[in-house]
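One structure below.
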Amino acid sequence: MQKSSYRHSRLRERRRKRKTLFIIAGVLIFSVAVTFIARAPYFSIQTIEISGAHAVLPILVKTVAEKELGGSFIYIFPKNSILWLPKKEIAQKVRENSETIKNVTVSLAFPKKVNIHIEEYIPEAFICGSREELTNVSLPKNFLPECFLLDAGFSFATTSAKNIATTNKLLQIKKKEVSKIELKKQVISPKQFLYTTLLFQKLSQNNISIDYIVLETDGDYTAHTEGGAELYFSESLPLTDAIKNMATLLGSEIFKKEELLPPEGFKKIEYIDLRFGNKLYYKIKSNNAPQTHETNS
């Protein structure tokens, strides 16, 4: 009885060892086969195509991708095989190489091509830090605060006011409330940002050049013109109505007679208040009292 039990035990042990050896052999054979297939030219990535890149140089994106596709996994499986394209890793590395990249999509186009589509942030405006934000810091007189490029109110890249001035004309936004500005944060709400950028566009269409727009604390906006005049707007009044009222005022006889039209005429104006519907208030610098103008809208 004991001998029979012993023989059965040894038999089970042999079967278990054979099974283990079969599994190991199977894994090895499978690994060798997969490695052979993966290294075959037909399954190797030959072309990398970049689309959507403008501010970012396509050659830089391609270089990052090629570097990520180099080498192998656990020293065996080549990374440049279509069988296991490391999409997430490529996208992450490409994003890390530029502040202006919003999103990266990596896809495989059979048989041997990889498509990398770049979605970039669009710099629509910028906002700069202020001296009040910097505490316990000794600042030189010629100090230039750090500025942040904005896309839909989101700060996606840092720059300087000097760099912006020498590249292109972007809207500068200021906030009445001093608050810390951080990179990769929603600095201005999408609603406020949309209103501000639309205001900038509408004023530009009416030949009014803007230095910057201030976001007040109560839903109001102050547009500072290059001529020096300040234009007051409010979210409570539709922007289209406010712009229409202003156009009516600019076309009035008094503005033509006093030569108050932009850009030169705005040097004579202290402010135009467009926050109260069809009743507009404005003040000419040479006059002590503000004046009113009513539109028919």
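Just so you know, we're using my numbering here: the sequence shown kicks off at -7 and counts up by one.
Just so it is clear, CB atoms sit at the ideal spot from N, CA and C, and this is done for glycine as well.
Please read all numbers here as calculations on a predicted model, not as lab measurements.
Please name the residue, chosen from 254, 77 and 36, that lies closest to residue 200 on a Cα-to-Cα basis. In the sequence shown, the residue the question calls residue 200 occupies position 208. Among 254, 77 and 36, the Cα nearest to that of residue 200 belongs to 254.
What separation, rounded to the nearest whole angstrom, lies between the Cα atoms of residue 145 and residue 36? Looking up residue 145 in the sequence shown gives position 153. Looking up residue 36 in the sequence shown gives position 44. Approximately 42 Å between the Cα atoms of the pair.
What separation, rounded to the nearest whole angstrom, lies between the Cα atoms of residue 272 and residue 264? Locating residue 272 in the sequence shown gives position 280, counting from the first residue. Locating residue 264 in the sequence shown gives position 272, counting from the first residue. Here the C-alpha atom of residue 272 lies approximately 7 Å from the C-alpha atom of residue 264.
List the residues that DSSP assigns as beta-bridge partners of residue 143. Position 151 of the sequence shown holds residue 143. Per DSSP, 146.
Rounded C-alpha distance that separates residue 12 from residue 101: Within the sequence shown, the letter at position 20 stands for residue 12. Within the sequence shown, the letter at position 109 stands for residue 101. Straight-line measurement puts the Cα of residue 101 at about 40 Å from the Cα of residue 12.
Residue range of the unbroken alpha helix (DSSP H) whose run includes residue 200: Within the sequence shown, residue 200 is the residue found at index 208, counting from 1. Counting along the chain, residue 200 sits inside no alpha helix (DSSP H), nor does DSSP assign it H or E at all.
Can you list, in chain order, the stretches of the beta strand (DSSP E) that have 3 or more residues and sit fully within the region 189 to 246? 202 to 207, 212 to 217 and 222 to 226, all fully within the region 189 to 246.
Using only the alpha-carbon positions, how far apart do residue 260 and residue 185 sit? Reading the sequence shown from its first residue, position 268 is the one you call residue 260. Reading the sequence shown from its first residue, position 193 is the one you call residue 185. The straight-line gap from Cα to Cα measures roughly 30 Å.
If you draw a straight line from the alpha carbon of residue 225 to that of residue 214, how long is it in whole angstroms? The residue labelled residue 225 in the question sits at position 233 within the sequence shown. The residue labelled residue 214 in the question sits at position 222 within the sequence shown. In this structure, the straight-line span from the alpha carbon of residue 225 to that of residue 214 is close to 6 Å.
On the three-state DSSP scale, how would you describe residue 258? Looking up residue 258 in the sequence shown gives position 266. Shown here, residue 258 sits in a helix according to DSSP, grouped into three states.
Is the beta carbon of residue 57 closer than 8 Å to that of residue 110? The residue given as residue 110 occupies position 118 in the sequence shown. The residue given as residue 57 occupies position 65 in the sequence shown. Taking 8 Å as the Cβ cut-off, residue 110 and residue 57 do not qualify as a contacting pair.
Starting from residue 82, follow the beta strand (DSSP E) in both directions and report where the run begins and ends. As a working mapping, residue 82 is identified with position 90 in the sequence shown. DSSP places residue 82 outside any beta strand (DSSP E); the residue lies instead in the alpha helix (DSSP H), whose first and last residues are 79 to 88.
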